[in-house]
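First up is the structure itself, then whatever we jot down about it.
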Amino acid sequence: MVESSNVPMFEIEDLHAVIEDKEILKGVNLTINQGEIHALMGPNGSGKSTLANILAGHPSYEVTEGSIRFWGEDILELSPDERARKGIFLAFQYPTVIPGVSMANFLRMAVTNTRNARAEEAAAKNGGGEAPKMAPREFRKLMREKMRLLKMDDSFASRYLNEGFSGGEKKRAEILQMALLEPTMAILDETDSGLDIDALRVVSEGVNNLAGPELGLLLITHYQRLLNYIKPDYVHIMMDGRIVQEGGPELAVELEQKGYEKLRAEYGAAV
Ligand code: ADP
Ligand code: MG
Numbered sequence: 410m411v412e413s414s415n416v417p418m419f420e421i422e423d424l425h426a427v428i429e430d431k432e433i434l435k436g437v438n439l440t441i442n443q444g445e446i447h448a449l450m451g452p453n454g455s456g457k458s459t460l461a462n463i464l465a466g467h468p469s470y471e472v473t474e475g476s477i478r479f480w481g482e483d484i485l486e487l488s489p490d491e492r493a494r495k496g497i498f499l500a501f502q503y504p505t506v507i508p509g510v511s512m513a514n515f516l517r518m519a520v521t522n523t524r525n526a527r528a529e530e531a532a533a534k535n536g537g538g539e540a541p542k543m544a545p546r547e548f549r550k551l552m553r554e555k556m557r558l559l560k561m562d563d564s565f566a567s568r569y570l571n572e573g574f575s576g577g578e579k580k581r582a583e584i585l586q587m588a589l590l591e592p593t594m595a596i597l598d599e600t601d602s603g604l605d606i607d608a609l610r611v612v613s614e615g616v617n618n619l620a621g622p623e624l625g626l627l628l629i630t631h632y633q634r635l636l637n638y639i640k641p642d643y644v645h646i647m648m649d650g651r652i653v654q655e656g657g658p659e660l661a662v663e664l665e666q667k668g669y670e671k672l673r674a675e676y677g678a679a680v
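In this text, residue positions in the sequence shown follow the numbering used here: the first is 410, and each later residue adds one.
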């Protein structure tokens, strides 16, 4: 879905945000084009998850200044659901447990809400006609295929969402959701946290399988180790609610050697 070559796919401009009267984001600028992988790194408490939540439309945060544009359209006023339907996907740092809803049912709802809605929109744009909806049988086949790719056991599909899932299983479930929704902009918040090395490898493989010329990816991570498996094109470092340094993959390596403490001193940042 290449719209216009001049408009960046995803553009965050001078974003300021507060929570409970405390300013957390103090002017964030970030542009992500289709096909690019960006890593956002930074110490704990610097505002990474706040940014991710705001991008997804979380209602607890108040944006006081700046804009977020997707294909040139300001999305700040859109609900999380509307953003998802446009093709924006967020994997949370702490996925929610939904007892009584199986993985398969949850995923089918999510797919119906986003992919089918998008197909309908496209059909309407092309002068009406029936939108090609995904049939239940087709969905199950696709789900199994993606599960195999992520080395998930078939029994996973019938388990309740995130209930009793290990850290690795939760992350795999998120990547499975992403694989089924086929977003154009994906934001992964600490997808590597709590993963042992094998799970990290599987999850990274899954993400690498999904990456490509259509997808813009924002990987949020505290540690450099995820970037050994998923190679970013750009690295941004956040401190105290601002991006203080930007560069290529070498910046992540440098940061790992230097540590956040030194960088913090350089920028006089509190967090
Ligand atoms: P990171 O993901 O980089 O570790 P966060 O975005 O989670 O950082 O947190 C940034 C700052 O915002 C922290 O000081 C944190 O305490 C504060 N914060 C985040 N969410 C909330 C919230 N829901 N209520 C109060 N403070 C919050
Ligand atoms: Mg966080």
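The C-beta atom is built at its ideal place from N, Cα and C for all residues, glycine as well. Since this is a predicted model, take the numbers as computed values, not measurements.
For methionine 587, there is no enclosing beta strand (DSSP E); the residue is found in the alpha helix (DSSP H) stretching over 576–590. Here serine 567 has Ser511 as same chain residues with Cβ atoms under 6 Å from its own Cβ, once five neighbours each way along the sequence are excluded. Glutamine 586 counts as buried, since at least 16 other C-beta atoms from the protein chains shown sit within 10 angstroms of its C-beta.
Judged by their CB atoms, arginine 634 and aspartate 601 are nearer to each other than the 8 Å cut-off. Contact between isoleucine 463 and alanine 426 holds: their C-beta atoms lie close to 6 Å from each other, under 8 Å.
Looking at the DSSP output, alanine 426 sits in a beta bridge with Leu434, Val472. The stretch 426–441 and the stretch 647–658 touch, with three or more beta-carbon pairs separated by less than 8 Å. Taking the Cα of methionine 450 as reference, the smallest distance to any Cα among Asn525, Leu597, Asn522 is reached at Leu597. DSSP places leucine 597 in the uninterrupted beta strand (DSSP E) bounded by 594–598. Residue state for glycine 625 is assigned as strand, using DSSP reduced to three classes. Within the same chain, Cβ atoms closer than 6 Å to the Cβ of tyrosine 676 are found at Met648, Val653, the five residues on either side in sequence being excluded. Between the ligand MG and glutamate 599, a heavy atom-to-CB distance of less than 7 Å is present. Contact check for phenylalanine 548 and valine 520: beta-carbon distance about 6 Å, within the 8 Å limit, so the pair qualifies.
Annotation for arginine 651: the continuous beta strand (DSSP E) segment containing it runs 651–656. Secondary structure at leucine 559: coil, using DSSP grouped into helix, strand and coil.
Going by DSSP, methionine 512 is part of no beta strand (DSSP E) but of the alpha helix (DSSP H) stretching over 512–520. Within the chosen limit of 7 Å, the ligand MG reaches the beta carbon of serine 458 through at least one heavy atom.
Distances from the CA of isoleucine 646 to each of Ile629, Tyr638, Ile639 were compared; the closest alpha carbon is that of Ile629.
Each residue's CA atom was taken as its position, placing leucine 672 and glycine 454 some 15 Å apart. Nearest in C-alpha terms to isoleucine 441, of all of Leu589, Met556, Asp642, is Asp642. In the structure shown, alanine 448 adopts extended strand secondary structure according to DSSP, grouped into three states. Judged by DSSP secondary structure, alanine 528 falls within the alpha helix (DSSP H) whose first and last residues are 526–534.
Inclusion of methionine 552 and leucine 516 in the CB contact set at 8 Å is warranted, their separation being smaller than that value. When C-alpha distances from threonine 523 are compared across Ala500, Gly657, Pro592, the shortest belongs to Pro592.
Taking all protein chains shown into account, asparagine 571 has 16 or more neighbouring C-beta atoms within 10 Å of its C-beta and is therefore buried. Distances between the C-beta of serine 469 and the heavy atoms of the ligand ADP include at least one below 7 Å.
In this structure, the ligand ADP has a non-hydrogen atom nearer than 7 Å to the beta-carbon of isoleucine 433. Contact between valine 644 and glycine 656 holds: CB atoms are separated by about 6 Å, below the 8 Å threshold.
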